[in-house]
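Everything below concerns the one structure shown next.
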Amino acid sequence: MLIIHNQNYNPFFNIACEEYFFKQFSENIIFIYRNQPSIIIGKHQNAYKEVNYDFVQDNAIPVVRRISGGGAVYHDLGNLNFAFIQNKSDGNLSDFKGFTLPILQFLNEIEIPAKLESRNDLRVNGKKFSGNSEHIFKNRVLHHGTLLYNTNLSNLRNSLRISDYYIDHSVKSVPSPVINLSDFLAEPISIEEFEDLLFIYLKKKFPEASDYILNDKDIENINLLIVNKYSTWEWNYGYFGNYEFKQNAEIDGEHLEIYFQVKNGLIQEFKIECPYFNSDECALIDLSLKNTQHKYSAIREKLESLDLFHNDKRISIQNLMKLLF
12 MLIIHNQNYN PFFNIACEEY FFKQFSENII FIYRNQPSII IGKHQNAYKE VNYDFVQDNA
72 IPVVRRISGG GAVYHDLGNL NFAFIQNKSD GNLSDFKGFT LPILQFLNEI EIPAKLESRN
132 DLRVNGKKFS GNSEHIFKNR VLHHGTLLYN TNLSNLRNSL RISDYYIDHS VKSVPSPVIN
192 LSDFLAEPIS IEEFEDLLFI YLKKKFPEAS DYILNDKDIE NINLLIVNKY STWEWNYGYF
252 GNYEFKQNAE IDGEHLEIYF QVKNGLIQEF KIECPYFNSD ECALIDLSLK NTQHKYSAIR
312 EKLESLDLFH NDKRISIQNL MKLLF
């Protein structure tokens with residue numbers, strides 16, 4: 012068994028690490044890390060549907076898709092993440108109770124009355140501080156979870172939003188009241204101290220675990236995963252690329268209707284009814300956006316190429332863009 016305590020706070024790097032350890036190593040692994048502010052979504056989720064797109068863009072909060080299922084979670088430096096990667100030869104490979112038990116034992120030892128409630132949530136007094144998910148391939152299991160310690164809960168709530176505009180068959184997050192674990196300690200300690208305490212506890216709990224430090228080849232391979240997968244729009248947004256979008260809005264008392272279909276990440280049908288444009292101009296917008304990625308920069312580039320937004324009495328490109336996500 013290997014135990015890895017990573018001090019890199021880049022979410023693209025750490026989520027890529029999980030896949031790399033899962034697929035390229037044969038040993039059982041414990042992995043502890045923290046991320047800069049980021050949204051980590053489940054493999055089968057529609058990223059646009061799960062996040063407050065304007066907020067995450069305005070605050071430069073990246074969205075990263077992981078290889079496990081489940082719902083969207085918010086990470087920042089006040090949140091501690093753990094991952095167990097294990098080979099299992101028999102029985103039910105999915106084992107939320109077994110994998111979360113060492114975490115609960117640690118929290119109980121420092122007098123936080125945490126419990127596993129429902130299938131995959133850890134809670135204190137009914138409020139969630141940890142969401143967990145798993146990925147299984149053959150006999151190998153990745154189980155990972157969050158530990159909200161002193162997370163910015165305002166940013167968490169502002170970042171995560173389930174939109175009613177999207178019609179699809181994606182996995183939907185289940186919103187829950189959340190708390191920070193630091194609120195339950197009699198004597199306050201920093202997130203760094205909390206992280207060290209958990210690491211020390213896990214080393215005692217699993218004395219067979221050897222410390223492992225990433226070597227240059229590991230880092231090179233992980234960075235390749237980032238370039239080819241985890242930093243790409245195609246993985247983080249386009250992977251779940253089949254849905255419909257419907258939006259009815261009012262701007263300055265004028266009613267707008269927008270509808271489009273997306274297949275494999277590309278807009279296949281776009282319809283806009285808007286008093287700012289006549290029927291021919293609406294048809295021009297529809298035609299221009301066909302086969303365009305449902306991606307902010309791609310759509311804006313197409314709209315800017317049209318000679319329709321230079322009249323001050325019309326809707327601006329910026330305001331129209333806000334209605335498309």
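The sequence shown stops at residue 336 when you use my numbering, and every number in between is there.
All C-beta atoms in this analysis are idealised placements derived from N, C-alpha and C, irrespective of residue type, glycine included.
Since the model is a prediction, treat every value here as computed from it, not as a measurement.
Around the beta carbon of Asn259, fewer than 16 other beta carbons lie within 10 angstroms, which makes this residue exposed. The stretch 30–40 makes contact with the stretch 78–97, as at least three CB pairs between them are under 8 Å. Pairwise C-beta distances place the stretch 194–204 out of contact with the stretch 223–233, as fewer than three of them are shorter than 8 Å. Short of 7 Å from the beta carbon of His55, and not among the five residues preceding or following it, lie these beta carbons of its own chain, in chain order: Gly80, Ser181, Val182, Phe251.
A Cβ-Cβ separation of about 6 Å places Asn57 in contact with Tyr254 under the 8 Å criterion. In the DSSP assignment, Ala294 falls within the alpha helix (DSSP H) that extends over 290–300.
The stretch 74–88 makes contact with the stretch 25–36: 3 or more CB pairs, one atom from each, lie closer than 8 Å.
Residue state for Ala71 is assigned as coil, using DSSP reduced to three classes.
Below 8 Å, enough C-beta pairs join the stretch 150–164 and the stretch 101–115 to call them touching: three or more.
About 19 Å separates the Cβ atoms of Leu334 and Leu277, ruling out a contact at the 8 Å cut-off.
Under DSSP, Ile310 shares a beta bridge with no residue. In this structure, Ala83 lies away from Leu158, with their beta-carbon atoms at least 7 Å apart. By the CB criterion at 7 Å, Tyr176 and Phe256 fall inside the cutoff. The continuous beta strand (DSSP E) containing Asp132 extends over residues 132–135. A residue is called buried once 16 or more other Cβ atoms fall within 10 Å of its Cβ, and Gly142 is buried on that count.
Counting only runs of 4 or more residues that sit fully inside the stretch 53–130, the alpha helix (DSSP H) segments are 58–61, 64–69, 107–120, in chain order. The DSSP assignment places complete alpha helix (DSSP H) segments of no fewer than 4 residues inside the stretch 214–293 at 227–236, 244–247, in order along the chain. The Cβ neighbour count for Leu298, taken over all protein chains shown within 10 Å, is under 16; the residue is labelled exposed.
Per DSSP, reduced to three states, the secondary structure at Glu145 is strand. Residue pairing by DSSP places Lys183 in no beta bridge whatsoever. Leu171 sits in a strand when the DSSP states are folded into three classes. In this structure, DSSP gives Phe140 an extended state, which the three-state scheme calls strand.
In this structure, Asn161 places its C-beta atom within 7 Å of the C-beta atom of Asn191.
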